[in-house]
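S.K.: As you go down the protein sequences, you meet chains A and B in turn. Per full-length UniProt numbering, the very first residue in the first sequence carries number 1; after that it's consecutive. Per full-length UniProt numbering, the very first residue in the second sequence carries number 1; after that it's consecutive. Structure provided below as structure tokens; questions to follow.
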Amino acid sequence: MQALIDEFSKLPGIGPKSAQRISFYLLRSEQGESDRLAKSILEAKRTIKWCQRCFNLSEEDLCAICIDPERDSTTICVVEEPKDLIAIERTREFKGLYHVLQGALNPIEGVGPEQLRIRELMARLSDAAIDEVIICTNPNIEGEATSMYLARMISPTGIKVSRIASGLPVGGDLEYADELTLGRALEGRRDMA
Amino acid sequence: MGVTAIVGRNGQGKSSIIEALSYAITGRSFRGAPKDSMITKECESSIVRANIFSNQRELLLELSLNRGGSDRLLLNRNVTPRRDVVRAIPLTVFTLSDIEIVSGSPAHRREFIDDSLILMGPRASETVDNYERLLQHRSHILKSLQRGDGSVGYDSLEIFDESLAIEGERLIRMRLSLLSRIEPILNELYADIAGKGEKVLTSYVPSVRTNLMSDLLDSRRDDIRRGITSVGPHRDDIIFRINGLNARYEASQGEQRTLAFSLKMALHELLRSRIGEDPIILLDDVFSELDEERIEKVLKRTKSAQAIVTTSIDHQIDEKVNQKLVIESGSLL
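Below is the structure:
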């Protein structure tokens, strides 16, 4: 029992108390339920791997987006994690390809450029005909540093580099926006002439 | 509104009450005590629950501190980031150790000015936090370069130095602007409380020689060898001068105490003009070090606010407070 609790408490977002609750729940549940859970974990671990081109999650060597002929292969959107890719896909605004860095520069945690999929990104840029790279890393210290690093690496190739804008949420009132977001939105204002 | 006094002999638990309140709001002890000392021996957690009237709103603040685990901070039953609580419930705390802002090492003065900036708004608060985090990043890079194990190297240093320089210059600008706003109020308060027409001047002493970016480049080799960042706002100091004399070395203890109190009070007044209401005031045992006349002036200044004061000297305050609570062996009588 303790071994099970220990395993659960290693998972992100699960403390010792939640781990205990989950373990007791599983022990009390039907056999079928825990079988399905165990099988899903094993199955996912066995079949899901990284796309060899963009490093998104994939069941094949190349992910569904990379092999889709409808996608615009001249634009690459760079994100930190697969969950960011999913967020951008939900917008249905972006028709290009992706590159998942699998993290951001984070010296505190020992993550430098070598630990990210940056070399693979540069290889993609020199092999294929790419017109624009859109950097969609998080608007925090680590994400900003990563975007600065990428911009510096990509600029000499002559490929256009852009950074996702930060601004106001749609459908909200200006007066309710927090000062930070509003300040950033002002900084990133757009010319209308 | 008004002043509530918590009166009791030493060791009865006066300070614990306001320490609990201040810990729930700021996330740390004003005595610098570690978290574990906030939890009763043999217990796993402690809980602070406070109904607070602040900024024309009634708020329920709940903090549970867990030994060896993460803490839970709820504002009106919603999990709330610490920084948001700090700004939602502005607080001015006076303690005997405030004198160190004047008499202590530069770190005390930097802590005072940065804690003040955090209250000035989310942009300033973000700058303080960002700079702190960038410094940590840089120190990891320096140590990695020192060991030569190469996980994070010179290319990371280039990028993070640039961010550090931008954020550091911004932090210095914000500190300077805050100091210039504090100075006139500080002068007025100091003259009033000290009862003499003495002039207080503040000056900021930067560690930066030309600009932060080029200084970081110049000190890079040394920094790698020592594993620390030797230049930037985290190495700066502030000098307070009373009639031209450096208050850290040349003022009497009484002058230092009055200056420290005036500084905190100046920040308090600045916050009041910003939010349109007095921050809550906590005074921990500060009367033991002030004479009757100064106590009177201090209490007069706190009249318009909600203030809680602790004192062991009952007779000095009777006439001057709105409410008096007597505490003995940890319970209110």
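Beta carbons: idealized from backbone N, C-alpha and C, even for Gly. Computed from a predicted structure; not experimentally measured.
(1) Is residue 270/B near residue 181/B, with beta carbons less than 7 Å apart?
(2) According to a CB-to-CB cut-off of less than 9 Å, which residues of the region 158-178 of chain B neighbour chain A?
(3) Specify, as a first and last residue, the run of the beta strand (DSSP E) that residue 137/A falls within.
(4) Excluding the 5 residues flanking residue 162/B on each side, which residues of the same chain have their C-beta closer than 8 Å to its C-beta?
(5) Starting from the beta carbon of residue 145/A, find every residue of chain B whose beta carbon is closer than 7 Å, and list them in chain order.
(6) What is the DSSP secondary structure of residue 55/A, reduced to helix, strand or coil?
(7) Can you pull the chain B neighbours of residue 178/A, defined as C-beta to C-beta under 8 Å?
(8) Please go through the same chain and pick out, in chain order, the residues whose beta-carbon is closer than 7 Å to the beta-carbon of residue 237/B, but skip the five residues on each side of it.
(9) Please decide whether residue 98/A counts as near chain B, where near means a Cβ-Cβ distance under 7 Å.
(10) When we look at the beta-carbon of residue 168/B and count the other beta-carbons within 10 Å, is it buried (16 or more) or exposed?
(11) What number of angstroms, rounded off, separates the C-alpha of residue 279/B from the C-alpha of residue 308/B?
(12) Where does the unbroken alpha helix (DSSP H) through residue 168/B begin, and where does it stop?
(13) With contact counted as at least three CB pairs below 8 Å, one residue from each stretch, are the region 272-290 of chain B and the region 12-19 of chain B in contact?
(14) Might you give, ordered along the chain, the residues of its own chain that have their beta carbon closer than 8 Å to the beta carbon of residue 166/A, omitting 5 neighbours on each side?
(15) Can you tell which of 23/A, 55/A, 160/A, 191/A has its C-alpha closest to the C-alpha of residue 120/A?
(16) For the UniProt domain "Toprim" (74-169) of chain A, which segments carrying the alpha helix (DSSP H) assignment without a break, of at least 4 residues, lie completely within its bounds, in sequence order?
(17) Got a sec: is the Cβ-Cβ distance from residue 211/B to anything in chain A below 7 Å?
(18) Alpha carbon to alpha carbon, how far is residue 121/B from residue 102/A? Give it in angstroms, no decimals.
(19) Going by other Cβ atoms of all chains shown within 10 Å of its Cβ, with 16 needed for buried, is residue 38/B buried or exposed?
(20) Check distances from the C-beta atoms of the region 146-157 of chain B to those of chain A and list, in chain order, the residues that come in under 7 Å.
(21) Short of 7 Å Cβ to Cβ, which residues in the region 109-133 of chain B face chain A?
(22) Using alpha carbons as the reference points, say which of 251/B, 138/B, 260/B lies closest to residue 219/B.
(23) Please report the straight-line C-alpha distance between residue 112/A and residue 170/B, rounded to a whole angstrom.
(24) Let me know the beta strand (DSSP E) ranges lying completely inside the region 235-261 of chain B, each 3 residues or longer, listed in chain order.
(25) Hey, out of 304/B, 266/B, 73/B, 159/B, whose CA is closest to residue 321/B's CA?
(26) Mind checking if residue 148/A is an interface residue toward chain B, Cβ cutoff 7 Å exclusive?
(27) Skipping 5 residues on each side, what residues in its chain have a beta carbon closer than 7 Å to that of residue 34/A?
(28) Compare the C-alpha of residue 79/A against each of 157/A, 135/A, 173/A, 16/A and name the closest.
(29) Helix, strand or coil: which one does DSSP assign to residue 333/B?
(30) Tell me, please, whether the region 93-106 of chain B touches the region 249-266 of chain B by the rule of three or more beta-carbon pairs shorter than 8 Å.
(31) Is it buried or exposed for residue 77/B, if we count other Cβ within 10 angstroms and need 16 for buried?
(32) Are any of the Cβ atoms in chain A nearer than 7 Å to that of residue 234/B?
(33) Cβ of residue 17/B less than 7 Å from any chain A Cβ?
(34) Which of helix, strand or coil does DSSP assign to residue 205/B?
(35) Is the distance from the Cβ of residue 234/B to the Cβ of residue 108/A below 7 Å?
(36) Where are the beta strand (DSSP E) runs, 3 residues long or more, that stay fully inside the region 21-61 of chain B, in chain order?
M.R.: Taking the definition as stated:
(1) yes
(2) 158, 159, 160, 162, 163, 167
(3) Unbroken run through residue 137/A: none, as it is neither H nor E.
(4) 213
(5) 159, 160, 163
(6) coil
(7) 122
(8) 106, 109, 205
(9) no
(10) buried
(11) 12 Å
(12) 154-194
(13) yes
(14) 139, 181, 184, 185, 188
(15) 55/A
(16) 82-91, 118-127, 141-154
(17) no
(18) 33 Å
(19) buried
(20) 151, 152, 153, 155, 156
(21) 121, 122, 123, 126, 130, 133
(22) 138/B
(23) 26 Å
(24) 237-242
(25) 304/B
(26) yes
(27) 26
(28) 135/A
(29) coil
(30) yes
(31) exposed
(32) no
(33) no
(34) strand
(35) no
(36) 45-54
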